[in-house]
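Engineer:
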Amino acid sequence: MDEVGRGSLSGPVSVGVSLVSASDELQIDGLIDSKALTEKKRTEMVPLINKWIPTAVGHTQPEEIDALGMTRSLRLAGQRALAQVVSPEIKPDLVLLDGKHDWLTASEPDLLISLDPAEELYQRLTQEAWGSSSSLVQPWEGLVVTIIKGDYKCASIAAASVVAKVERDALMNQLAQRFPAYGWHKNKGYGSASHRQALAEIGPSTQHRLSWNLGVSAEQVKTTYIERAVKNNER
């Protein structure tokens with residue numbers, strides 16, 4: 000399992016997962032961390048990866064990130080990805096997670112956590128992800144093993160990295176058509192100079208992470224929150 004988009008100013012944070020058994024043999028040459036591959040190479044690899052092993056990508060949207068914070072948002076995206084590949088017949092023994100921080104395992108419950116509105120929202124969204132899938136009823140609570148630089152050391156993590164990067168990039172390209180001023184087709188939502196200049200000139204969009212320091216005024220953030228709420232009510 001690996002994430003992409005954690006440090007972006009806009010768009011979702013996305014988590015890829017690939018399901019590998021001990022008997023699976025690597026069938027893809029050059030499989031490595033998605034950031035070390037060209038866009039063309041990543042795109043070419045996705046159908047090969049999906050032919051080799053089951054994969055899925057889960058997303059947590061900007062509005063959810065603002066409400067949950069990043070750690071819960073990563074966990075939610077991971078749960079949404081796992082819900083697509085885990086079933087009563089296919090139950091992984093463990094999750095190999097890129098990095099040193101285990102953001103997939105929830106903290107031990109206590110009174111303060113249980114009273115946190117963000118935790119209540121996370122639990123509801125997680126249950127929805129698993130309840131709306133054809134997989135297990137209960138969200139993933141199994142063993143997680145973190146591997147520093149896992150996307151360079153482990154083929155399953157590298158595969159998850161590639162499918163997540165390609166899918167998220169495609170989503171950002173779609174959003175760039177709706178919000179062309181920010182250059183998301185190039186920067187994919189990260190804080191490039193041109194992206195920050197656009198923020199300074201026209202303010203944030205509803206697809207920005209409004210709880211983040213975007214370098215805009217509080218009034219602009221408030222206005223965009225209102226715009227987002229109005230759009231949600233119109234759905």
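Each residue of the sequence shown is one higher than the one before, counting from 0 in numbering that gives the first Met the number 0. Here a beta-carbon is modelled for each residue, glycine too, at the ideal position from N, C-alpha and C.
Taking only three categories from DSSP, how would you classify residue 65?
Structural biologist: helix
Engineer: Exposed or buried, what is residue 20 when buried is set at 16 or more other beta-carbons lying within 10 Å of its beta-carbon?
Structural biologist: exposed
Engineer: For residue 10, count the other beta carbons within 10 Å of its own beta carbon; 16 or more makes it buried, fewer makes it exposed. Which is it?
Structural biologist: buried
Engineer: Identify whether residue 76 lies in helix, strand or coil by the three-state DSSP scheme.
Structural biologist: helix
Engineer: Taking the alpha-carbon positions, what's the residue 90 to residue 61 distance?
Structural biologist: 30 Å
Engineer: Is it right to say residue 209 is buried, meaning 16 or more other beta carbons lie within 10 angstroms of its own, or is it exposed?
Structural biologist: buried
Engineer: Have a look at 16, 202, 207 and 41 and flag the residue whose alpha-carbon is nearest the alpha-carbon of residue 83.
Structural biologist: 16
Engineer: Less than 8 Å between the beta carbons of residue 105 and residue 80, yes or no?
Structural biologist: no
Engineer: Using a Cβ-Cβ cut-off of 6 Å (strictly less than) and excluding sequence neighbours within five positions of residue 47, which residues of its own chain qualify?
Structural biologist: 27
Engineer: Which same chain residues end up closer than 7 Å to residue 195 when comparing Cβ atoms and leaving out the 5 residues on each side of it in sequence?
Structural biologist: 214
Engineer: Note down, one range per segment and in chain order, each alpha helix (DSSP H) of at least 4 residues found wholly within the region 195-224.
Structural biologist: none
Engineer: Report the three-state DSSP secondary structure of residue 85 (helix, strand or coil).
Structural biologist: coil
Engineer: Using beta-carbon positions only, say whether residue 117 and residue 66 come within less than 8 Å of one another.
Structural biologist: At a Cβ-Cβ threshold of 8 Å, residue 117 and residue 66 count as neighbours.
Engineer: Starting from the C-beta of residue 166, find all residues in its chain whose C-beta is less than 7 Å away, skip the five residues before and the five after it, and write them out in chain order.
Structural biologist: 13 and 56
Engineer: With 16 as the cutoff for other CB atoms within 10 Å, does residue 186 come out buried or exposed?
Structural biologist: buried
Engineer: At the level of alpha carbons, what is the spacing between residue 178 and residue 230?
Structural biologist: 15 Å
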